[in-house]
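Undergrad:
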Amino acid sequence: MQPDSPLDPAVRDLLYQIKFGTNVQRNEAIDSAPILGVKAIRHLSRLMAAWKTPGQFRGAHEAIKRIVLNGYRTGGEESAVTAELLKLIESAQSENLRREALYLLGFASSAESVPALAALLDDQVLREDARMALERNASREAESALRTAQRRSDGPWRSALDYSVRRRRVSLKDVGTRRY
Amino acid sequence: MATEKRVTRRQLLGGAAAVGIPYIIPSGVLAQNGRPGANDRIVFGHIGIGGMGQSHVVADSCAALCDVDDNKIKSVLDNVKKRNPNANPTIYKDFRQVLERKDIDAVTIGTPDHWHAVMTVMACQAGKDVYSEKPTMRTIEEGRAMVNAARKYKRVVQIGIQGRSNSEVHKAAEYVRNGGIGKVNKVVFWHPMNFQGQWAPEIPVPSNLDWEMWLGPMRSRPYTPDYHPFNFRWYMDSGGGFIRDRGNHALSSMNLVLDNDNYNGLINVEAVGTVQTDSQRDAPYMMDVIWEFPKRDITVTWSQPGVAKPVKAGEKPGEWGATYYGDRDSLVLFGGDGGATTEEKARSFQVPSGGERTHLHPTSHNDATQRHRENWFDCIKTRERPAGDVEIGRRSCNLCILAVIAYRLGRKVSFDASKDQFVNDSEANRLLSEPMRSPWRI
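As given, the protein sequences belong to chains W and D, one line each in that order.
Just so you know, my numbering puts 153 at position 153 of the first sequence, and the rest follows in order with no gaps.
All you need for my numbering is the position in the second sequence, starting with 1, plus 1000.
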């Protein structure tokens, strides 16, 4: 495992505000988190995993959400954000944290996360979250991953995958008019 | 299956009583495919019977009570039996069993928000008319699904936006639409903050609750006692806070006042909020929103908290409401749900000959919530669109959802109401829908 590089002073300040700040200060830190970008995700996720007060958990969680949505917007940080979320899924002890990372991965537009998500379609605990993340991902690779999993599945799980594939073809004009 | 009690028209008209408020049932229903016959009774199934859901229960014509919480079932059933000792509704935890029953004509849906769309679509497919509580839906796509299903299966779908049946809101609408304040250019809403809470530890699911069914289409998560009952409202996935809850009332009433239901231009939205960081509740408890309707040159703001205005100098202002500003004058309207009050100048306003009138469903009393239900009952009879038709609910709820999306993205968004799409904004367009946990789908 690679050692962390020295902590950026701005990230240190963000963590301090979230760890020890008032609700107002935490909210200011959350609002400013996207400026720091992906470099803060790892530290915030560690704080989420080892929180001592609810404010630390929630503050870190909100800050990560802001960074990820912002990172996926600007495009420039998309790869780096995806890589951080994939690391989080791999390393997190908490099922909740892994679920949250999967949810956020769904907002990526590229196919970089697809192989990892596809692998999780075989995970009995997280496969639903992985399916939902792939469903939101508009790439052809995501659809292909869903189809591949569909071919080797049966029963209700196959039906869930089938829905995720078919949904991609349903327009707003037609949604709600089909029985599945 | 237990024997359901089917009451006659005479019984319904003579002695029907909902839990809480007496009901007046439609005066007649013509027998045709998919609707009750002339001498039949409307038989109801009630799904989600906490909160407002229990107020919809028709004790004398209730064939099914459905809830995922045994305690809620017990208390509502006790209440029904007190009102009608002969009542014998079948109890369900799974709403699909209610929808399977051919003898049930209509369902009320009083579940948390994340269920509204799935249940409404499935109920329409099953041939039931629907009264679903507000907020109409959680996502833009869910709203479209509800409207599409209602139209395709020819169902009467009323949303619980009682402002559309509130005489005070109609008075305000007639006053404004007939030029009482001149050309409207601004609407300013004020509303109290969301309820704040404590950190809720994860604990085992209590035996009275079917947590998996409570979650339904929502992402899986561990149980905490802060979700149920009621507080689901302060979470993004299941409620969205007051902006989506009361917001649906407030903006539906605004659309009535401004004749804005069919607005099909661009809507620009900005929103900022503050979250509570010492609780899991993730909907911002303080929020400011600006909607711009460039096609009509109207700006609408929502401040939570905001500065309340009285309807009369020296009087205490209402808890929430709006001030409508025109180029000549302004008008205050408190509330916009079952309760609303407007200024005397609007209350005493008489629409001039040839002026614009709004249609308020006729009723024997002045309770807006009751009028709203009666309107639904009558529309089940006539097959007309109800006062809070699902399209009206969807359009106003869209505005609430746009605010939540702008807040989540932390920037201004531009939405094309004619296409239900954000303009050149793939990131925002990914938030038009929310993947659902299987087997739930729309």
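Glycine residues also receive a C-beta, built at the ideal position from the N, C-alpha and C atoms.
Please look up how many angstroms separate the CB atoms of isoleucine 1049 of chain D and glycine 1110 of chain D, rounded, as I've assumed it's under 8 Å.
TA: Along the second sequence, read from residue 1 onward, the residue named residue 1049 of chain D stands at position 49. Along the second sequence, read from residue 1 onward, the residue named residue 1110 of chain D stands at position 110. 6 Å between Cβ atoms; contact.
Undergrad: What residues in its chain sit with their C-beta under 6 Å from that of lysine 1093 of chain D, if we drop five residues either side in the sequence?
TA: Taking the second sequence and counting its residues from 1, the one referred to as residue 1093 of chain D is at position 93. Closer than 6 Å at the Cβ level, and outside the excluded window around lysine 1093 of chain D, lie Val1068, Asp1210.
Undergrad: Along the chain, where does the beta strand (DSSP E) containing phenylalanine 1095 of chain D start, and where does it finish?
TA: Here the question's residue 1095 of chain D lines up with position 95 in the second sequence. That residue, phenylalanine 1095 of chain D, is in no beta strand (DSSP E); its alpha helix (DSSP H) goes 1095-1100.
Undergrad: Leaving out five residues on either side along the sequence, give the residues of the same chain with a beta carbon under 7 Å from the beta carbon of asparagine 1231 of chain D.
TA: Along the second sequence, one-based indexing puts residue 1231 of chain D at 231. Gly1197.
Undergrad: Relative to the alpha-carbon of histidine 1056 of chain D, which residue among D:Glu1384, D:Gln1370, D:Pro1435, D:Ser1433 has its alpha-carbon at the smallest distance?
TA: Counting from 1 along the second sequence, the entry for residue 1056 of chain D is found at position 56. The shortest C-alpha separation from histidine 1056 of chain D is found at D:Gln1370.
Undergrad: Residues of the segment 1410-1432 of chain D with a CB closer than 7 Å to any CB of chain W: list them in chain order, please.
TA: Gly1410, Asp1420, Ser1426, Glu1427, Arg1430
Undergrad: Taking tyrosine 16 of chain W as the query, report the chain D residues whose CB atoms sit under 8 Å from its CB, ordered along the chain.
TA: Reading the first sequence from its first residue, position 16 is the one you call residue 16 of chain W. In chain order: nothing, as chain D lies at least about 14 Å away.
Undergrad: So who's on the other strand from glutamine 1158 of chain D, going by DSSP bridges?
TA: Looking up residue 1158 of chain D in the second sequence gives position 158. DSSP, once it has assigned bridges, lists D:Tyr1131, D:Asp1389 as partnering glutamine 1158 of chain D.
Undergrad: For glutamate 128 of chain W and arginine 167 of chain W, I'd like the C-alpha separation in whole angstroms.
TA: Stepping through the first sequence from its first residue, residue 128 of chain W is reached at position 128. Stepping through the first sequence from its first residue, residue 167 of chain W is reached at position 167. Taking the straight line from one Cα to the other gives about 15 Å.
Undergrad: Taking the alpha carbon of asparagine 23 of chain W as the reference point, which residue from D:Thr1277, D:Glu1292, D:Thr1342 has its own alpha carbon closest?
TA: For the purposes of this step, residue 23 of chain W is taken as the residue at position 23 of the first sequence. Shortest Cα-Cα distance from asparagine 23 of chain W to any of D:Thr1277, D:Glu1292, D:Thr1342 involves D:Thr1277.
Undergrad: With a threshold of 16 other CB atoms inside 10 Å of the CB of histidine 1365 of chain D, please say whether the residue is buried or exposed.
TA: The residue given as residue 1365 of chain D occupies position 365 in the second sequence. Exposed, by the Cβ-count rule.
Undergrad: Less than 6 Å between C-beta atoms, sequence neighbours within five positions excluded: which residues of the same chain meet that for alanine 133 of chain W?
TA: The sequence position of residue 133 of chain W within the first sequence is 133, counting from 1. Hits under 6 Å: Leu102, Leu105, Gly106, Leu117.
Undergrad: Considering just the uninterrupted stretch of the beta strand (DSSP E) at asparagine 1268 of chain D, what are its terminal residues?
TA: Indexing the second sequence from 1 puts residue 1268 of chain D at position 268. Per DSSP, asparagine 1268 of chain D belongs to the beta strand (DSSP E) from 1266-1274.
Undergrad: Looking at lysine 1072 of chain D and the ligand SAM, is the gap between the Cβ and the nearest heavy atom below 7 Å?
TA: By its list of ligands, the structure shown contains no ligand whatsoever, and the ligand SAM lies outside what it can speak to.
Undergrad: Please report the straight-line C-alpha distance between alanine 10 of chain W and leucine 85 of chain W, rounded to a whole angstrom.
TA: The count along the first sequence starts at 1 and reaches residue 10 of chain W at position 10. The count along the first sequence starts at 1 and reaches residue 85 of chain W at position 85. Spanning the alpha carbons of alanine 10 of chain W and leucine 85 of chain W requires a straight line of approximately 21 Å.
Undergrad: How close, in whole Å, do the beta carbons of leucine 1432 of chain D and isoleucine 1140 of chain D come, if the pair is a contact with beta carbons under 8 Å?
TA: Position 432 of the second sequence, counting from 1, holds the residue named residue 1432 of chain D. Position 140 of the second sequence, counting from 1, holds the residue named residue 1140 of chain D. Contact between leucine 1432 of chain D and isoleucine 1140 of chain D holds: their C-beta atoms lie close to 4 Å from each other, under 8 Å.
Undergrad: Going along chain D, which residues have a C-beta under 7 Å from glycine 59 of chain W?
TA: Taking the first residue of the first sequence as 1, we reach residue 59 of chain W at position 59. Simply Thr1277.
Undergrad: Have a look at D:Ala1406, D:Ile1267, D:Ser1220, D:His1361 and flag the residue whose alpha-carbon is nearest the alpha-carbon of arginine 1385 of chain D.
TA: Within the second sequence, residue 1385 of chain D is the residue found at index 385, counting from 1. The shortest C-alpha separation from arginine 1385 of chain D is found at D:His1361.
Undergrad: List, in order along the chain, the chain W residues whose C-beta lies closer than 8 Å to that of lysine 1152 of chain D?
TA: Sequence index remark: in the second sequence, residue 1152 of chain D carries index 152 (1-based). Close partners of lysine 1152 of chain D in chain W (Cβ separation under 8 Å): Gly176, Thr177.
Undergrad: Could you give the distance in angstroms between the alpha-carbon of threonine 1382 of chain D and the alpha-carbon of glycine 1335 of chain D?
TA: The sequence position of residue 1382 of chain D within the second sequence is 382, counting from 1. The sequence position of residue 1335 of chain D within the second sequence is 335, counting from 1. In this structure, the straight-line span from the alpha carbon of threonine 1382 of chain D to that of glycine 1335 of chain D is close to 30 Å.
Undergrad: Does any C-beta atom of chain W lie closer than 8 Å to the C-beta of asparagine 1148 of chain D?
TA: Along the second sequence, read from residue 1 onward, the residue named residue 1148 of chain D stands at position 148. Closer than 8 Å: yes.
Undergrad: Of all the CB atoms in chain W, is at least one closer than 8 Å to the CB of isoleucine 1442 of chain D?
TA: In the second sequence, counting from the first residue as 1, residue 1442 of chain D sits at position 442. Under the 8 Å criterion on CB atoms, isoleucine 1442 of chain D is classed as interfacial with respect to chain W.
Undergrad: Is it true that the CB of glycine 1179 of chain D sits closer than 8 Å to the CB of leucine 1331 of chain D?
TA: To locate residue 1331 of chain D, count along the second sequence from 1; it is residue 331. To locate residue 1179 of chain D, count along the second sequence from 1; it is residue 179. No, the pair does not count as a contact, with Cβ atoms beyond the cut-off.
Undergrad: Which residues, in order along the segment 1213-1231 of chain D, keep a beta-carbon less than 8 Å from a beta-carbon of chain W?
TA: Arg1219, Ser1220, Arg1221, Pro1222
Undergrad: In chain order, what residues of the same chain have a beta carbon less than 7 Å from the beta carbon of phenylalanine 1095 of chain D, not counting five sequence neighbours either side?
TA: By 1-based counting over the second sequence, the position of residue 1095 of chain D is 95. Taken in chain order, the residues that qualify are Ile1047, Cys1066, Met1119.
Undergrad: Starting from the Cα of glycine 1265 of chain D, find the closest Cα among D:Glu1292, D:Arg1244, D:Gly1239 and give me that residue.
TA: Translated into the one-based positions of the second sequence, residue 1265 of chain D becomes position 265. Of D:Glu1292, D:Arg1244, D:Gly1239, the residue nearest in Cα terms is D:Glu1292.
Undergrad: Using a Cβ-Cβ distance cut-off of 8 Å, determine whether phenylalanine 20 of chain W contacts chain D.
TA: In the first sequence, the residue the question calls residue 20 of chain W occupies position 20. So, not an interface residue.
Undergrad: For serine 1438 of chain D, decide whether its Cβ has a neighbour in chain W, counting only Cβ atoms nearer than 8 Å.
TA: As a working note, residue 1438 of chain D is residue 438 in the second sequence. With 8 Å as the cut-off, serine 1438 of chain D counts as an interface residue toward chain W.
Undergrad: Determine, using beta carbons only, whether alanine 129 of chain W comes closer than 8 Å to chain D.
TA: Indexing the first sequence from 1 puts residue 129 of chain W at position 129. A small correction: the amino acid at residue 129 of chain W is aspartate; alanine does not occupy that position in the sequence shown. Judged by the 8 Å Cβ criterion, aspartate 129 of chain W is in contact with chain D.
Undergrad: Interface residues of chain D around leucine 172 of chain W at Cβ under 7 Å?
TA: Residue 172 of chain W sits at position 172 when you count from the first residue of the first sequence. Within 7 Å Cβ-Cβ: Glu1141, Arg1144, Asp1420.
Undergrad: What does tryptophan 1199 of chain D reach in chain W if we use C-beta pairs closer than 7 Å?
TA: In the second sequence, counting from the first residue as 1, residue 1199 of chain D sits at position 199. In chain order: Pro54.
Undergrad: Could you tell me which of D:Ser1165, D:Arg1246, D:Trp1199 sits nearest to threonine 1224 of chain D, measuring between CA atoms?
TA: Locating residue 1224 of chain D in the second sequence gives position 224, counting from the first residue. Among D:Ser1165, D:Arg1246, D:Trp1199, the Cα nearest to that of threonine 1224 of chain D belongs to D:Trp1199.
Undergrad: Output the distance between the C-alpha atoms of methionine 1001 of chain D and methionine 1213 of chain D, rounded to the nearest integer angstrom.
TA: Counted from its first residue, the second sequence places residue 1001 of chain D at position 1. Counted from its first residue, the second sequence places residue 1213 of chain D at position 213. Only weak support is given to the placement of methionine 1001 of chain D: the predicted model assigns it a pLDDT of 33, under 50, and the value that follows is read from those uncertain coordinates. If you draw a straight line from the Cα of methionine 1001 of chain D to the Cα of methionine 1213 of chain D, it comes to about 21 Å.
Undergrad: Please tell me whether valine 1300 of chain D and alanine 1172 of chain D are closer than 8 Å, where the distance is taken between their beta carbons.
TA: To locate residue 1300 of chain D, count along the second sequence from 1; it is residue 300. To locate residue 1172 of chain D, count along the second sequence from 1; it is residue 172. For valine 1300 of chain D and alanine 1172 of chain D, no; Cβs fall outside 8 Å.
Undergrad: For valine 181 of chain W versus valine 81 of chain W, is the C-beta distance shorter than 8 Å?
TA: Because chain W here runs from 1 to 180, residue 181 of chain W falls outside it and cannot be looked at.
Undergrad: Verify whether the separation of the beta carbon atoms of arginine 1138 of chain D and glutamate 1427 of chain D is less than 8 Å.
TA: Position 138 of the second sequence holds residue 1138 of chain D. Position 427 of the second sequence holds residue 1427 of chain D. Cβ distance not < 8 Å, so arginine 1138 of chain D and glutamate 1427 of chain D don't count as in contact.
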